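Here is the structure we will look at.
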């Protein structure tokens, strides 16, 4: 990649080698467009990347590949994605979850892949709400989330037409917001529909070797189709003539031209590449959200220690607060993931992994000196673990401590480093750009700020924007 | 190229873009969409493959002509033969 020289001109330049950029690149290269992907980080994958520390391999973003459906299912996002990228199911090695749970004070909703278990849990815990819940599900099933001409409405507002219980509303929103909302305490209803289907109607899976399996499959397809990529070199500037992007200037000083530029960097992050002024842009509708995650490596399988579930979404308060916290971390709610607890068949992970994700405030983390940053991590790590373990019956802090081999923790600053998203915003800006267009005729957005979320959503975003804005045009 | 050969080419393309579909026993006069799980993304790929592999252009307003195998053969066979004659 490094030594090979670039062409002076490409049919398309894609900014960002994450899931959306790679998927878009594959589509364009498959149909003989000359494509260059540029990526500022050294590793591909963006938010869903991976790293190694002391010989151990870690995933950055991935708890689960959502949208899992069993072989033979028709018409779902996973099936569309495999077709569009000409991948086989086996290429992704998707192993289904063992079972997950939403845990609030005194109430649990268990769910697994396919909808049945969630329906039973709701009927059991909220018998008075079951008719409304079924009607909400029917509304979700009938809704077209891909009609980008429809007005944006609040998911809470729509849910309020069907559900009377604020607790049930919060419980259903907890996984949906954690796995894809860029808005505080709510989500756009079209994205709610996409995530409801991907989490509740379909479900969770994971490749035995984690996210690198997906990235490897995408890189292979992209290379085979003739795509080029340049890593560790971001875009310094997009030159424009007011109507079109005329040239892409890279951080190493090289400049290339392109008929189309597809940016997965984020809407405002992309704007900063062409904007001549340093003036702050118009205020966003709400604050950007980021997370911390603790990762604990255990010398035993979690199931052998008493934790058999795959993912647990927890909240300890009367209401669920999905908002930027006043402190560095908000340990009241979060997501617990045991990546060992997928059905890998005969295989298993060599070590145990216990991950806890919670909301965090980027500004507080970013302001710390290196020493204070380390101290803050050391202080929050046990607090978050302790908070989460209240919702894992069968596993306590002493057991975890006794079996801990290694720990790591990532913060909003880490997310910023991997994604370059402003303020480490995992799901990007609160406002989405669903049709992917910008003020320039040949500059388009894909990925997080276009609005399809999750790992499958990100790839579908790249595919659909490539189809619509590059392949359908002659 | 005959109409039957043309249908074969279309079936090969569908097999490539939707390997999870069973193409045995398709009715030639019934819309493909009604017999197979194909969406607009798949139809875009049929058009793209026709261009890439066979040099055939299908303008967007003609997409409805690809509805069934019979209508594909009706519409595409002259195009195949024109490409051949031009080559």
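Chains as they are written, first to last, in our numbering: chain P, 71 to 544; chain L, 114 to 200. In this text, a Cβ means the ideal position worked out from N, Cα and C, and glycines have one as well. All values derive from a computational prediction rather than experimental measurement.
- Within the same chain, Cβ atoms closer than 7 Å to the Cβ of residue 271 (chain P) are found at 185, the five residues on either side in sequence being excluded.
- Per the Cβ contact rule, the stretch 474-489 of chain P is in contact with the stretch 355-365 of chain P (3 or more Cβ pairs under 8 Å).
- With 16 or more other CB atoms across the displayed protein chains lying within 10 angstroms of its CB, residue 164 (chain P) is buried.
- In terms of Cβ geometry, residue 123 (chain P) and residue 283 (chain P) do not form a close pair [threshold 8 Å].
- Within chain P, no C-beta atom comes less than 8 Å from the C-beta of residue 126 (chain L); the nearest is roughly 12 Å away.
- In its chain, beyond the 5 residues on either side, 110, 335, 339 have a beta carbon closer than 7 Å to the beta carbon of residue 490 (chain P).
- At least one beta carbon of chain L lies nearer than 8 Å to the beta carbon of residue 542 (chain P).
- Rounded to the nearest whole angstrom, the C-alpha separation of residue 466 (chain P) and residue 460 (chain P) is 8 Å.
- Taking the C-beta atoms as reference points, residue 225 (chain P) is found no nearer than 8 Å to residue 535 (chain P).
- Three or more beta-carbon pairs separated by less than 8 Å are not found between the stretch 132-151 of chain P and the stretch 488-508 of chain P, which leaves the two stretches without contact.
- Secondary structure note for residue 165 (chain L): its alpha helix (DSSP H) is the uninterrupted segment 153-167.
- The beta-carbon distance between residue 136 (chain L) and residue 127 (chain L), rounded to whole angstroms, is 6 Å. This is short enough to meet the 8 Å contact definition.
- At a cut-off of 8 Å, the C-beta of residue 263 (chain P) has no neighbouring C-beta in chain L.
- Neighbours of residue 157 (chain L) in chain P, taken as residues at a C-beta separation under 8 Å, are given in chain order as 537, 541, 542.
- Separation of residue 445 (chain P) and residue 127 (chain P) (C-alpha to C-alpha, rounded to the nearest whole angstrom) is 24 Å.
- Between the stretch 386-401 of chain P and the stretch 521-538 of chain P, the count of Cβ pairs shorter than 8 Å is below three; the stretches do not touch.
- DSSP, reduced to helix, strand and coil, places residue 441 (chain P) within a helical segment of the structure shown.
- Chain P places no beta carbon closer than 8 Å to that of residue 192 (chain L), leaving this residue out of the contacts.
- Distance check between residue 146 (chain P) and each of P:355, P:309, P:266 places P:266 closest, using alpha-carbon atoms only.
- By the C-beta density criterion, residue 516 (chain P) is buried, having at least 16 other C-beta atoms within 10 angstroms.
- Proximity of the stretch 79-96 of chain P to the stretch 317-335 of chain P meets the contact definition, three or more beta-carbon pairs being nearer than 8 Å.
- In the DSSP assignment, residue 385 (chain P) falls within the unbroken beta strand (DSSP E) covering 381-385.
- Look at the stretch 172-190 of chain L: it has no residue with a C-beta under 7 Å from a C-beta of chain P.
- Beta-bridge annotation (DSSP): residue 319 (chain P) is paired with P:307, P:325.
- With its beta carbon less than 8 Å from one in chain L, residue 145 (chain P) belongs to the interface.
- In the DSSP secondary-structure assignment, residue 166 (chain P) is bridged to P:275.
- When L:172, L:185, L:155, L:187 are compared, the shortest CA-CA separation from residue 533 (chain P) is found for L:155.
- Taking every protein chain shown into account, the CB of residue 472 (chain P) has fewer than 16 other CB atoms within 10 angstroms, so this residue is exposed.
- Contact residues of the stretch 102-134 of chain P toward chain L are 102 (C-beta to C-beta distance below 9 Å).
- Residue 319 (chain P) is a Cβ neighbour of residue 309 (chain P), given a cutoff of 8 Å.
- For a Cβ distance threshold of 9 Å, residue set 153, 154, 156 of chain P lies close to residue 130 (chain L), ordered along the chain.
- Remark: C-beta atoms of residue 380 (chain P) and residue 169 (chain P) approach each other more closely than 8 Å.
- What residue 166 (chain L) touches in chain P, judged by beta-carbon distance under 8 Å, is nothing: the nearest beta carbon there is about 11 Å away.
- In the DSSP assignment, residue 123 (chain P) falls within the unbroken beta strand (DSSP E) covering 120-123.
- Pairing residue 321 (chain P) with residue 76 (chain P), the inter-Cα distance amounts to about 14 Å.
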